[in-house]
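Undergrad: Residue 418 is where the sequence shown ends in the working numbering, and the numbering goes up by one at each step. Sharing a structure below in structure tokens format, with a few things to ask.
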Amino acid sequence: MWIENNNCKIPYVQNRVQEIKEKGKTFKYMKVETKENPADLLSRGVSVKHLQTSSWFRGPDWLKEKSQWPEQRCPAPQDNAPSGIVQLEATIPVNNQIINVKRYSSLEKLLAVTRRVFNFISNLFARRRKISCNEGVSPIQYWIKLVQSEVYDDEISVLSSYNPNTTELSKRTLSNNTELSTKTLDNNTELSTKTRGNNTELSTKTLETQRSEKSKRAFRQNKLINQLGLYLDEVGILRCRGRLHNSSHSYGSKHPVLLPKSHWLSHLVVMNAHHNTLHGGMGDTLTNIRTSFWIPKARQAVKSCIKSCVICRHYEARTVLYPGPPPLPEERVQESRPFQVVGVDYSGAIHLQDPDGKGESVPMKIYVCLFTCAMTRAVHLELATDMTANTFLKIFRRFAARRSCPSIIISDKWF
């Protein structure tokens, strides 16, 4: 029985047995065979007819007389039994974030709170005459490094173990040392001890070369590093290399910081850029972001952030639902000859200088009378010295003589 066994190494069984022993200290436990155990009837399933005549209600037949109890074949518990060493493992999530970034809706508030926490920690360590772990790191750099360590841990480990510039330099140094050791073996046969030391150093350098080749292979196989030209700057932040190295832009524009698309810090950065551009559109917000940061699929992130902006939704909302455009009148859609249905209107006045023949100019005003065909949208223009009815009649005669007389005239003025 599990209850009488003290050498069980299964944590689940051991915990349940310990709980049973604590709750039933005054009980004496004995074993019952499976065929005579009433508890197995319901656990295995039984019909109602068989249940009424079974031992579920009255128990086994030998239970009434103690002399008829079956003999216990289980060995008695041994108090001096060797205690086994049980190895228990527990997974405890580690939270490196002192501040929950999702509790803040503004990047400025997040950085302000982080700065206060840094000041408190620095003052606390200054009293104990110790150096703070975040000394010399700004709040934005702290959050960038924390987010990059969570999302781009593989890229950071590859770039930390392999640097193309330092690798080439170490290869040259290794080749030079090998040549020098070979010359020493040829010229100085008496320095055998030193030669063995050099061989040991060469074997160590060979291991380092193998490690560097492995890191180089991982560097070449990483698509994100090769696509964006990632590298670690002096502070340990992932940055992207572009083609603007020789431009006059700032260092952040030429080498933007890499941020993931789906992290809340990226959302705060996008909203901060949206506010800095006075709630600008997609292009303005995206341009402001790329002066310091590079976010993969940034257009989708910017689009979702602009849609969630409350101020922009208030300005873009329609207070009144305007009706649709009405159908065109019959005169506009029925087939007719040009200028059969015309619209007329005046434009002006236009100020001119009219010479009077004596060398002096007299200011005057003229108007333009516009006739337009309602079907073909053709235009006919006539000059008018004034807007009187007699002048319009003369203009209309000239128009009718040239374009034929219209059947319908549409105008907003009564002559």
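For every residue, glycine included, the Cβ atom is placed at its ideal position computed from N, Cα and C.
(1) What would DSSP say about K31, mapped onto helix, strand or coil?
(2) Among S307, P14, K264, T290, which residue has its Cα nearest to the Cα of P299?
(3) Given a cut-off of 7 Å, decide if E334 and I398 are closer than it, judged by their beta-carbon atoms.
(4) Where does W1 sit, in a helix, a strand or coil, going by DSSP?
(5) Using a Cβ-Cβ cutoff of less than 7 Å, which residues in the same chain neighbour D357 once the five nearest sequence positions on both sides are dropped?
(6) Quick check: the segment 340 to 352 against the segment 319 to 328, are there 3 or more CB pairs under 8 Å?
(7) For V260 and V305, which I take to be in contact (beta-carbon distance under 8 Å), what is that distance rounded to the nearest angstrom?
(8) Which word fits A377, buried or exposed, when buried means at least 16 other C-beta atoms lie within 10 angstroms of its C-beta?
(9) Alpha carbon to alpha carbon, how far is L235 from I159? Give it in angstroms, no decimals.
(10) Using only alpha-carbon positions, find the residue among R119, H277, L162 that is nearest to C243.
(11) Express the C-alpha separation of R316 and Q151 in angstroms, rounding to a whole number.
(12) Which complete beta strand (DSSP E) runs does the segment 289 to 337 hold, if anything under 3 residues is left out?
(13) Given a cut-off of 7 Å on the beta-carbon distance, is the pair F402 and F374 in contact?
(14) Under the DSSP definition of a beta bridge, which residues are partnered with Y234?
(15) What is the DSSP secondary structure of H354, reduced to helix, strand or coil?
(16) Under DSSP, the beta strand (DSSP E) around N383 begins and ends at which residues?
(17) Let me know the secondary structure DSSP gives Y15 once reduced to three states.
(18) Beta strand (DSSP E) containing V371: first to last residue?
(19) Go through its chain and collect everything with a Cβ distance to P156's Cβ below 6 Å, but skip five positions before and after it.
(20) Along the chain, where does the beta strand (DSSP E) that runs through I420 open and close?
(21) Roughly how many whole angstroms lie between the Cα atoms of K74 and K28?
(22) Going by DSSP, what residue range makes up the alpha helix (DSSP H) through W59?
TA: Taking the structure as given:
(1) coil
(2) K264
(3) no
(4) Beyond the ends of the chain as shown, which are 4 and 418, falls residue 1; an answer cannot be given.
(5) S364, V365, M367
(6) no
(7) Contact doesn't hold; Cβ gap of about 17 Å is too wide.
(8) buried
(9) 8 Å
(10) L162
(11) 32 Å
(12) none
(13) yes
(14) R242
(15) strand
(16) Before going further, note that residue 383 is His rather than Asn in the sequence given. Unbroken beta strand (DSSP E) run through H383: 382 to 387.
(17) helix
(18) 364 to 376
(19) Before going further, note that residue 156 is Asp rather than Pro in the sequence given. Excluding sequence neighbours, D156 sits near nothing in its chain.
(20) Residue 420 lies beyond the range of the chain shown here (4 to 418); nothing can be said about it.
(21) According to the sequence as given, residue 74 is Glu; it is not Lys. So the two alpha carbons sit approximately 23 Å from each other.
(22) Run containing W59: none; DSSP gives neither H nor E here.
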